[in-house]
Each structure stands twice: as C-alpha cells, then as structure tokens.
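Here's the structure we're looking at; comments come further down.
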C-alpha cells in the first residue's frame, strides 16, 4: 500500500461511516448529491477532482439560491451573491475568516497557530511595509534585472529558448520577493530559495491532505508528509540563524536595512521579542502567500502575452517607455501610468483567478442569513466566484479574456483607480473584501508591474511551434493553477536596457 493510499483510506472510511449515520447538511438548503455515506463520498470526491463541473450543475439547478455541496472535509455552503454584504461586514463573531484560513492551511501543523492568535505581522504589512513601497522599488527593479538575466541565461542576439513556466517562475518570484522581505544575502542564497519555493509549493497540498484526514490522525499524517516531501524545517534552517544574527546586530548598531523582517522586529509584541521561531514562521507564512500569488499572476501574464498580437504588446511597451520618460525613471508614480499592465492583471484576476471560491469563512456560531436559512456552527461558507466575475450585467462579454478591458474603461470614464488591480468591490473578489482584504496586494501590484514591464521591454515571448493558444488551467479542489507543464519560448529584444 502506498503512502497516499494509507492516508486516503481512513479518510474515505471515516466519511462514509460518518455520513451513513449523520446527515450534517444545513436544513433549508438544496444540496448536490443524494443522502447517504457512499453517495456523499463519491460526490465529495468528484467535487474535489472536478470542482468546475459540479459547480456548473449547481448553477443550473439552483440559480439564484444558496446550496450545500459535500466536500472531503464536510459540507460547503455556497452562498448566493446577494449575501456578499453580510460576509463583508462580518466582525468574525459568526462568519470567521481567521478560523477558516487556519483550517484550510492547517496552521497547527504547517504554519504555527500563534500567528492567528497574535497577527501583528498583518498590521506590519498593511502599514509600514506598504508605506515603504517607494523605498523598496529600486531594490525590486535591481533584483528583477539580476534574476531574469541569471534565470533565463539569454545573451543579446540569442535565439528563442524554452522557458518551463511553472518550474522557473516561482524561483524568479521568490528571489525578487525576498529582496524586500529579508534582503540581498538571503534572497541570493540558492539553498534558501529552493527550500522556500518547495515549501510554498507543498503547503497547499499538505494542507488539503491534512484537512481531509480525521483529526486524530493528522499528527501522524503530517509526520509522514514532512518526512517524505519536506516541510518548514528546511527553510527554517536558514531563517532562524538569520533572525538570530539580526537580533544580535541590533544590540550593536541602530543602523538597520529596510525590509519586512526588520519591520517585524520593530513591531513584535514584548512577549515574542526574542522568539526566533515565531518570527521565522511569520516570514515563512508571508513567503508562501507572496510566492504563490505573484507566481500565478506572472505565469498567467506570460501565457496571455504569448497569444496577444504584436500590436497589443507594442502598445504596452510604448505606454511603459513613455511613462518612464515622463517620470524620469522607475518610481511609484510611474507605475500608476502602467494602466495596460494594471488592466491585464485585473483581467487575469477576474477571468482566471486564484480559486473558484471567494470570501471563504467558517461559522463559529449559528449564523442567520437574510432569507431565513440558518448555517450551523462549524461549516465553511463561500461564494461561487464565477457567478460574480462572469456576471453579464457587470462585465460586457464576460467569457472573453480582454486584456485591456479595464484600461479602456478608465480611459473612457476617467474613473481613476476604481477599476485598478488592487481595488476591491462586490464584483471583484480575488483579494477579498472589507477588513480582511489582502494587505499585501499593494506590494504584489508594485512587484508584478516592475517584473512584467521589465520583461516585456527586454524580451520577446511566443508559443512553441504549432501552438497558437494557451493550454487550459489546472483546477484541483477549487484552486486554479496555470498549465503546470507548459513551455513558452523567450528571446532578448534588440534594444537598450531600460
């Protein structure tokens, strides 16, 4: 019996037995599938492997209604979009976001549950780190220049070379991201980058397997997973000495570099001030979120750029070059003029997205919806993002990817940042809404604009011979990934470096 079989067998058995004995679906809601343990498990497995198909069935069956669907971790309540305001304004007393994040990513095993109990790092990212974006930008540009040159290994005059997108992009993004998080020495440490990328790529899978495993077996399951595929131990072997050195150097000098790690040390509560393990795990958590999100957006951008017309690509380059000339170089204000790159990023978030579900919460007390339905404590609730992002009343021709959809709207209506990549509203959910909207999205936007603009100015990209459109995304358990094994062709452009 393989390790996966050993882990999945108790999952299947426990859910079949439980749902033979207990019908845990909230009353008053239609459901996908029929009652019974075996039926529950089959539907839950189908929901995991082919989430989009199950959601399509539900959209046809339950148009305009909330519904329940079985998953391998219990019932998921997919809410009708008219309940968005209820969750947006929630104060976590019923529909709780931190509890849901902890459950989905299995913080107790993978990321240290103390981060949710004392989330000071979120405030640091939201405030000091975001305010410091102008100070970080030159370092991001410098690292982008260096890492693209090293990773692509393309000399001026080189012909097209294959780029294994989802293999190389996470390493490129990790290098650039960690220039702002921990500084030059560690971001250019190959061992650390490999370890932190591997961690970022396995957290989702490990979290799902643990989530699907009976609680009593999770410690054993994590031991097996981390022993075979690695866990936090490998990147922490670099981060703990890093923080030990930084804390020691602070006793000798008041001169500190500007990066996120230093800001965390500034903001750490007194009872955690010397807790190197805690600081290291927070940086690891931030790395996971940053590498995962920015890698997916950059990869999607490259696939979309490969199928755009040369005229459209040139229009992006012209806008970037004109903005750089007007502003005198790479500044925060120049990024605000990259409206076409901003539009592409927002359209990628709308059309492709990171997940099929938005605004996920977990009920920690019984919750009453406006239509009278009661959601018992302990259930996951979320929204079907496709129903929101593909709403024809909001988005014209929603099933067509239009890279300049939002830049055209901004040009025609003079609406400022209303349709910007980082702007959240009830029709755009990739970064959440309300008090739990992603605090790192402003840094991610800056970083992605620098990377994409620099890449397009200095490189040409196209599909391999015989291919004219991007391969399909990979969807698993509701998470959306660019095509994992696809390659693109890249070569240097004949121009002066910007």
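In mature numbering (1 follows the signal peptide of the UniProt record, and there is no 0), the protein residues as written are -24 to -1, 1 to 474. Just so you know, even glycine gets a beta-carbon here, dropped at the ideal spot from N, CA and C.
Assumed close pair residue i, residue j - CB separation to whole angstroms, cut-off 8 angstroms
i: residue 63; j: residue 42; result: Residue 63 to residue 42, Cβ: 12 angstroms. No contact.
i: residue 5; j: residue 70; result: Not confirmed; about 17 angstroms, so no contact.
i: residue 361; j: residue 321; result: That belief does not hold up - the Cβ atoms of residue 361 and residue 321 are roughly 16 angstroms apart, past 8 angstroms.
i: residue 239; j: residue 398; result: About 20 angstroms; that fails the 8 angstroms criterion.
i: residue 394; j: residue 314; result: Contact flag wrong, Cβ pair sits at about 17 angstroms.
i: residue 91; j: residue 83; result: 7 angstroms
i: residue 176; j: residue 186; result: In fact, because the Cβ distance is near 17 angstroms, the residues do not count as touching under 8 angstroms.
i: residue 27; j: residue 450; result: Residue 27 to residue 450, Cβ: 11 angstroms. No contact.
Counted within 10 angstroms of its Cβ, other Cβ atoms place residue i as buried (16 or more) or exposed
i: residue 85; result: buried
i: residue 34; result: buried
i: residue 19; result: buried
i: residue 8; result: buried
i: residue 254; result: buried
i: residue 468; result: buried
i: residue 73; result: buried
i: residue 376; result: exposed
i: residue 153; result: buried
i: residue 461; result: exposed
i: residue 316; result: buried
i: residue 250; result: exposed
i: residue 445; result: exposed
i: residue 204; result: exposed
i: residue 470; result: exposed
Contact under 8 angstroms by Cβ, residue i with residue j
i: residue 59; j: residue 345; result: yes
i: residue 383; j: residue 319; result: yes
i: residue 171; j: residue 144; result: no
i: residue 324; j: residue 277; result: yes
i: residue 216; j: residue 256; result: yes
i: residue 463; j: residue 141; result: yes
i: residue 219; j: residue 252; result: yes
i: residue 112; j: residue 307; result: no
i: residue 403; j: residue 434; result: no
i: residue 340; j: residue 353; result: yes
i: residue 211; j: residue 260; result: yes
i: residue 422; j: residue 116; result: yes
i: residue 2; j: residue 39; result: no
i: residue 466; j: residue 147; result: no
i: residue 413; j: residue 400; result: yes
i: residue 165; j: residue 214; result: yes
- Enumerate, from N- to C-terminal direction, the unbroken alpha helix (DSSP H) stretches of 4 or more residues contained entirely within the segment 293 to 333. If we require 4 residues or more, the alpha helix (DSSP H) runs fully inside the segment 293 to 333 come out as 308 to 311, 315 to 327.
- Item | Segment contact flag, the segment 406 to 419 with the segment 429 to 438, C-beta cutoff 8 angstroms, min 3 pairs | In short, these stretches do not touch, since the Cβ pair count stays below three.
- Task: Just list the alpha helix (DSSP H) runs in the segment 233 to 261, keeping only unbroken ones of 4 residues or longer that don't cross its boundaries, in chain order.
- Result: Correct list: 236 to 243.
- Message: Within 8 angstroms, do at least three Cβ pairs link the segment 173 to 189 to the segment 280 to 293?
- Response: Verdict: no, contact absent.
- Query: Which parts of the segment 138 to 171 are runs of the alpha helix (DSSP H), unbroken and 4 residues or longer, counting only runs that do not cross its ends?
  - Reply: Within the segment 138 to 171, the complete alpha helix (DSSP H) runs of at least 4 residues are 141 to 157, 160 to 163.
- Kindly provide the ranges of any beta strand (DSSP E) runs that are 3 or more residues long and lie completely inside the segment 40 to 117, ordered along the chain. You should have 43 to 47, 50 to 55.
- State whether the segment 262 to 273 contacts the segment 140 to 158, with contact taken as three or more CB pairs (one from each stretch) at a distance under 8 angstroms. With the cut-off at 8 angstroms, the segment 262 to 273 and the segment 140 to 158 touch.
- Query: In the segment 330 to 356, which residue ranges form an unbroken alpha helix (DSSP H) of at least 4 residues, counting only runs that do not cross its ends?
  - Reply: Whole alpha helix (DSSP H) segments, 4+ residues: zero.
- How about the segment 450 to 463 and the segment 324 to 342: do they share at least three Cβ pairs that are nearer than 8 angstroms? Contact between the segment 450 to 463 and the segment 324 to 342 is present: 3 or more CB-CB pairs across the two stretches fall below 8 angstroms.
- Query: Which parts of the segment 353 to 401 are runs of the alpha helix (DSSP H), unbroken and 4 residues or longer, counting only runs that do not cross its ends?
  - Reply: Within the segment 353 to 401, the runs of alpha helix (DSSP H) at least 4 residues long that lie entirely inside it are, in chain order, 361 to 365, 381 to 389.
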